[in-house]
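J.: Can you read through this structure? Questions will come right after.
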């Protein structure tokens, strides 16, 4: 692996030499860089890639995202995705995803509203990007990160596998992430 | 006013000489990519945001990204205070700059998205659209947006019967023609070409050649600015 800084439109090599990889494009039998970045030549596969410092964030299957529940329907929850975990830039393209009732928790879910509610902040995994963005909350690290009491709007506290409002002494149910209430630093 | 004296222009330049140019990449912290360009008396700041989801949704293009540019002149950028907000001229420049940049960006990689480019003219001194394009191109590269090539731009004009490069303020106001050109330096493809005033066919050809050569010089400066940022830190 050799490294060199290349700029957009800079010729890297010819089609005979390499296969154009990520961050490159081919035109008239020549390979050019698309980005400012370091050139990486994979000698084994004969591919060239250009790695950028802070590339635009395009969501792909398996990415972990944080978002807000915008709407709860009978069969799914709609999420406004705020960001992809571990990325500094905002996501590109579509920013609303759906969580189907079967992808909310590992067990049987009778009612979406008993697992997440509007304005809850959640962490989920991308399971499909085309033709529509689908998310999943199955798994201990996924679920609600922060929720407020339906009556008084004060933040709910974790109490076993339920959420408790100290203010009005009510209990609410959610699909809670294992780090509920403490996830802020990790985003 | 005498614009050419003893083979020299009003500011002492020769006919094919550019004004001093300074390009800096990555000057704004919160933008995804940015650039600052000083071109003679012009001072331009360009910021790139996105690709991000286009809002409202009906403007989205499901096959490619929109490149939306805003050219804006600060109220204090010219000697008489400029009334703020978009006007005929700035709307036109925004449009042509968007179209020029759209050609170099791989927009099909980001369907439904918009790439927003904001160009603020802090000080104007003729040739701001070329300065803005130059800055926008560096800012886009800094934002890590995939591009076919840079965009390099420069103006040519006719002053006192002579074809001269990179018009200054007096030359622009009192000259006979102004011809801004933007090209893709690698292929030489013309992305923007406007003209006001009159040129004969020979003068026009001479002007385009002169402008294209100057764009190649601008291209070298753009590359240098990015090299400096990405190898410096």
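Protein chains in written order, with this note's numbering: chain C, 5 to 191; chain P, 58 to 290. Idealized CB from N, CA, C, for every residue including glycine. All values derive from a computational prediction rather than experimental measurement.
Using 8 Å as the limit for Cβ to Cβ distance, is residue 243 (chain P) near chain C?
T.: Reading the second chain from its first residue, position 186 is the one you call residue 243 (chain P). Judged by the 8 Å Cβ criterion, residue 243 (chain P) is in contact with chain C.
J.: By Cβ distance below 6 Å, which residues in the same chain neighbour residue 175 (chain C) in space, the five residues on each side in sequence not counted?
T.: In the first chain, the residue the question calls residue 175 (chain C) occupies position 171. The answer, listed in chain order, is 166 and 168.
J.: Return helix, strand or coil for residue 20 (chain C), following the three-state DSSP convention.
T.: Taking the first chain and counting its residues from 1, the one referred to as residue 20 (chain C) is at position 16. Correct three-state label for residue 20 (chain C): coil.
J.: In the structure shown, what three-state DSSP assignment does residue 173 (chain C) receive?
T.: If you number the first chain from 1, residue 173 (chain C) lands on position 169. It is coil, neither helix nor strand.
J.: Taking only three categories from DSSP, how would you classify residue 163 (chain P)?
T.: Residue mapping note: residue 163 (chain P) aligns to position 106 of the second chain, counting from 1. If DSSP states are grouped into helix, strand and coil, residue 163 (chain P) belongs with coil.
J.: Going by DSSP, what residues sit across from residue 278 (chain P) in a beta bridge?
T.: Position 221 of the second chain holds residue 278 (chain P). Its beta-bridge partners do not exist; DSSP assigns none.
J.: So, do the stretch 148-163 of chain P and the stretch 195-206 of chain P have three or more beta carbon pairs nearer to each other than 8 Å?
T.: Taking 8 Å as the limit for Cβ pairs, the verdict is that the stretch 195-206 of chain P does touch the stretch 148-163 of chain P.
J.: What's the C-alpha gap between residue 35 (chain C) and residue 42 (chain C)?
T.: Sequence index remark: in the first chain, residue 35 (chain C) carries index 31 (1-based). Sequence index remark: in the first chain, residue 42 (chain C) carries index 38 (1-based). Looking at the two C-alpha atoms, the distance is approximately 15 Å.
J.: Just mark residue 151 (chain P) as buried or exposed, buried being the case when its beta carbon has 16 or more other beta carbons within 10 Å.
T.: Counted from its first residue, the second chain places residue 151 (chain P) at position 94. The residue is buried, with at least 16 neighbouring Cβ atoms inside 10 Å.
J.: Return the residue from the list P:88, P:259 and P:269 that minimises the CA-CA distance to residue 250 (chain P).
T.: Position 193 of the second chain, counting from 1, holds the residue named residue 250 (chain P). Residue P:269 is the option with its Cα nearest to residue 250 (chain P).
J.: Confirm, please, whether the CB-CB distance from residue 96 (chain P) to residue 67 (chain P) is below 8 Å.
T.: On the second chain, residue 67 (chain P) is found 10 positions in, with the first residue counted as 1. On the second chain, residue 96 (chain P) is found 39 positions in, with the first residue counted as 1. For residue 67 (chain P) and residue 96 (chain P), no; Cβs fall outside 8 Å.
J.: Provide the residue span of the alpha helix (DSSP H) that contains residue 226 (chain P), from first to last.
T.: As a first step, residue 226 (chain P) must be located in the second chain, where it is residue number 169. Taken as a continuous stretch (DSSP letters only), the alpha helix (DSSP H) holding residue 226 (chain P) covers 226-231.
J.: Is residue 182 (chain P) near residue 99 (chain P), with beta carbons less than 8 Å apart?
T.: Taking the second chain and counting its residues from 1, one reaches residue 182 (chain P) at position 125. Taking the second chain and counting its residues from 1, one reaches residue 99 (chain P) at position 42. Going by C-beta atoms, residue 182 (chain P) is nearer than 8 Å to residue 99 (chain P).
J.: Work out the CA separation of residue 138 (chain P) and residue 167 (chain P) for me, nearest whole Å.
T.: Numbered from 1 along the second chain, position 110 holds the residue referred to as residue 167 (chain P). Numbered from 1 along the second chain, position 81 holds the residue referred to as residue 138 (chain P). Taking the straight line joining both Cα atoms gives about 40 Å.
J.: Taking 8 Å as the CB-CB limit, is residue 110 (chain P) close to chain C?
T.: Numbered from 1 along the second chain, position 53 holds the residue referred to as residue 110 (chain P). Closer than 8 Å: yes.
J.: Tell whether a beta-carbon distance below 8 Å holds between residue 133 (chain C) and residue 63 (chain C).
T.: As a first step, residue 133 (chain C) is located in the first chain; it is residue number 129 there, counting from the start. As a first step, residue 63 (chain C) is located in the first chain; it is residue number 59 there, counting from the start. A contact, by the Cβ cut-off of 8 Å.
J.: So with Cβ pairs under 8 Å, would you call residue 96 (chain C) a contact of chain P?
T.: As a working mapping, residue 96 (chain C) is identified with position 92 in the first chain. Yes, residue 96 (chain C) counts as interfacial toward chain P.
J.: Taking Cβ-Cβ distances shorter than 7 Å, what residues in chain C pair up with residue 287 (chain P)?
T.: In the second chain, residue 287 (chain P) corresponds to position 230, counting from 1. Near residue 287 (chain P) (Cβ distances below 7 Å), the residues of chain C are 9 and 40.
J.: Quick check on the DSSP output: the alpha helix (DSSP H) that includes residue 195 (chain P) runs from which residue to which?
T.: Taking the second chain and counting its residues from 1, one reaches residue 195 (chain P) at position 138. Segment 185-199, the alpha helix (DSSP H) holding residue 195 (chain P).
J.: For residue 168 (chain C), does the three-state DSSP call read helix, strand or coil?
T.: By one-based count along the first chain, residue 168 (chain C) stands at place 164. Residue state, collapsed to three classes: strand.
J.: Which residues does DSSP pair with residue 220 (chain P) in a beta bridge?
T.: Taking the first residue of the second chain as position 1, residue 220 (chain P) is located at position 163. Looking at the DSSP assignment, residue 220 (chain P) forms a beta bridge with P:215.
J.: Relative to the C-alpha of residue 143 (chain C), which residue among C:149, C:152 and C:109 is closest?
T.: The residue given as residue 143 (chain C) occupies position 139 in the first chain. Among C:149, C:152 and C:109, the Cα nearest to that of residue 143 (chain C) is on C:109.
J.: Look at residue 158 (chain P) and residue 197 (chain P) and say whether their C-beta atoms are less than 8 Å apart.
T.: Locating residue 158 (chain P) in the second chain gives position 101, counting from the first residue. Locating residue 197 (chain P) in the second chain gives position 140, counting from the first residue. Contact flag set, yes.
J.: Could you tell me the alpha carbon to alpha carbon distance between residue 5 (chain C) and residue 125 (chain P), rounded to whole angstroms?
T.: Position 1 of the first chain holds residue 5 (chain C). Position 68 of the second chain holds residue 125 (chain P). Its pLDDT being 47, under 50, residue 5 (chain C) is placed unreliably in this model, and the value from its coordinates should be taken loosely. Cα-Cα distance, rounded: 38 Å.
J.: Could you check where the beta strand (DSSP E) with residue 87 (chain C) kicks off and where it finishes?
T.: On the first chain, position 83 is the one that residue 87 (chain C) refers to. Residue 87 (chain C) -> beta strand (DSSP E) spans 80-88.
J.: Determine the chain P residues that contact residue 58 (chain C) at a beta-carbon separation under 7 Å, and present them in chain order.
T.: Here residue 58 (chain C) is taken as the residue at index 54 of the first chain, counted from 1. Chain P residues near residue 58 (chain C): 201.
J.: Kindly indicate which residue of C:74, C:99, C:187 and C:116 has the alpha-carbon position closest to the one of residue 80 (chain C).
T.: Numbered from its first residue, the first chain carries residue 80 (chain C) at position 76. The residue with the shortest Cα to Cα distance from residue 80 (chain C) is C:116.
J.: Where do the N-terminal and C-terminal ends of the beta strand (DSSP E) with residue 127 (chain C) fall, by residue?
T.: Numbered from its first residue, the first chain carries residue 127 (chain C) at position 123. First-last of the beta strand (DSSP E) with residue 127 (chain C): 125-132.
J.: Of the residues that make up the stretch 87-119 of chain P, which ones have a beta carbon closer than 8 Å to any beta carbon in chain C?
T.: Here the close residues are 89, 107, 108, 109 and 110.
J.: By the criterion of Cβ-Cβ separation under 9 Å, what are the contact partners of residue 198 (chain P) in chain C?
T.: Counting from one through the second chain, the residue named residue 198 (chain P) turns up at place 141. What residue 198 (chain P) touches in chain C: 11, 12, 39 and 40.
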